[in-house]
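For the sequence shown, the working numbering begins at -7 and goes up steadily by one.
Every residue gets a Cβ at the ideal spot worked out from N, C-alpha and C, and that includes glycine.
Here the structure comes first, spelled out in structure tokens, and everything after it is commentary.
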Amino acid sequence: MTPITTIHTTTAAASARLSAEQLAHACKALGDPLRLAIVQLLGRGSFGVLELCELFDTKQSSMSHHLKILAQAQLVSSQREGNSIFYRRPLLAGHGLWTQWLSATLVTLDALDDPQNNEVEQRLQRVLANRAAACAEFFARNAEAFKQQQDLIASYDQYGAPLERLIATMDIPTRQALEIGPGEGAFLAALASRFDTVLALDISAPMLQKAQHRIHQQQLDNVSCLLGDSSDIRGSHRHQFDLVVANMVLHHVPAPKTIFTDVARLLTDDGCFLVTDLCRHQQAWARESCGDLWLGFEPDDLTAWAVESGLSEGQSQYLGLRNGFQIQFRLFYRA
-7 MTPITTIHTT TAAASARLSA EQLAHACKAL GDPLRLAIVQ LLGRGSFGVL
43 ELCELFDTKQ SSMSHHLKIL AQAQLVSSQR EGNSIFYRRP LLAGHGLWTQ
93 WLSATLVTLD ALDDPQNNEV EQRLQRVLAN RAAACAEFFA RNAEAFKQQQ
143 DLIASYDQYG APLERLIATM DIPTRQALEI GPGEGAFLAA LASRFDTVLA
193 LDISAPMLQK AQHRIHQQQL DNVSCLLGDS SDIRGSHRHQ FDLVVANMVL
243 HHVPAPKTIF TDVARLLTDD GCFLVTDLCR HQQAWARESC GDLWLGFEPD
293 DLTAWAVESG LSEGQSQYLG LRNGFQIQFR LFYRA
């Protein structure tokens, strides 16, 4: 037992020294107001270099330099989305000194009240609006071909049955459900059979019309439709939904993390957020062919966004498809 204890102690000491080195490096990297503001902004989501240049009114060469310093200090990470590189905060794992310090630092940054934030916030809303407009334009152009394009990745026929079995076994109240981005409404019948009332919310008028057509065809009298997004109904529907569903939607959303924040405010005290989406992949053609803004998500991303929004993680299931894509079914609770 003694050798093992000695090895463990030595390793822990080495880890502590490494964390101290990281801390010194990170503090130096954060010693610049712009870099501090960049890390603060990345708490809102992932952004490309050109978007960050627009947000901070900075030349690309200067922004790239600052991002390189932050990346070397492990304060930001990057991921490829098709032909573009997006920067984000790193995922925090484990309970080591580095994770504890960085987590506390990010919480502090998120609470800062910077007078310049108002100007950056206005630019941020423009960037997100441009993303949303591009997404809405895609669906307006391709509403008639939506099912055909969606089937290139994952048709509802491929994953609908396990999804419907999942909600049938959920132990939650069944008063009111909300589906964000119902598409053509394939999942609405299953929700309508389980819940007293169902609200279908979509930013695309042509897609919402398709959902309304299905509602009429299937005589789903307890389902209503609303044009808008999750932020539009936070005030009028606070804590009114026992279940909120985002079914194959997040990879189309300009800032996916904000959906978790909105949903946390919309759920009843024991309510559940059901997310069905693609796992991370490298099929860049999905951006052009299917209007995807994001090439799926790491499961840890969804968990982190949920926890930061005050939701707790529940059951998870994964379904592999023959074309190589993988779907994740995730439950998050407002307990």
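Item                                                                                                                                                       : Value
Which whole-angstrom value describes the C-beta separation of S304 and Q320, a residue pair presumed to lie in contact below a C-beta threshold of 8 Å?    : About 17 Å; that fails the 8 Å criterion.
Which residues bound the beta strand (DSSP E) around I207?                                                                                                 : No beta strand (DSSP E) contains I207, which is instead part of the alpha helix (DSSP H) from A197 to Q209.
Let's test the definition: count the other Cβ atoms within 10 Å of the Cβ of T100 and tell me whether it reaches 16, buried, or not, exposed.              : exposed
Whose C-beta lies closer than 8 Å to the C-beta of A169 among residues of the same chain, with five residues either side of it excluded?                   : L183, R186, F187, T189, V190, L191, F233, D234, L235, V236 and V237
Under 8 Å, with one C-beta from each stretch per pair, do the segment 200 to 209 and the segment 157 to 164 reach the 3-pair mark?                         : no
When DSSP labels each residue in this structure, what does T189 get in the three-state scheme?                                                             : strand
For T268, list the residues DSSP reports as bridge partners.                                                                                               : N239 and F321
Thinking C-beta only, is L242 closer than 8 Å to F317?                                                                                                     : no
Have a look at R322 and C271 and give me their C-alpha separation to the nearest angstrom.                                                                 : 11 Å
For the alpha helix (DSSP H) containing G152, name the first residue and the last one.                                                                     : Y148 to A160
Using a Cβ-Cβ cut-off of 8 Å (strictly less than) and excluding sequence neighbours within five positions of V68, which residues of its own chain qualify? : I30, V31, L34, L59, L62, Y79, R80, R81 and P82
Give the list of continuous alpha helix (DSSP H) stretches no shorter than 4 residues that lie fully inside the segment 244 to 323.                        : 248 to 258, 277 to 282 and 291 to 300
Tell me which same chain residues have a C-beta within less than 6 Å of the C-beta of S223, skipping the five on either side of it?                        : D254
Would you kindly work out how many angstroms separate the C-alpha atoms of F324 and P154, rounded to a whole number?                                       : 17 Å
So the beta strand (DSSP E) Q168 belongs to, where does it begin and stop?                                                                                 : Q168 to I172
Pull up the DSSP beta-bridge partners for D194, would you.                                                                                                 : L219
Q71 bridges to which residues according to DSSP?                                                                                                           : F78
Measuring CB to CB, does E73 end up less than 8 Å from W286?                                                                                               : yes
Pick helix, strand or coil for G88, following the three-state DSSP scheme.                                                                                 : coil
Taking 8 Å as the cut-off, decide whether the C-beta atoms of H273 and C127 are in contact.                                                                : no
Figure out for me which residue from S147, A18, P25 and S70 has the closest Cα to the Cα of G37.                                                           : S70
Assign P248 to one of two classes, buried (16 or more other C-beta atoms within 10 Å of its C-beta) or exposed (fewer than that).                          : buried
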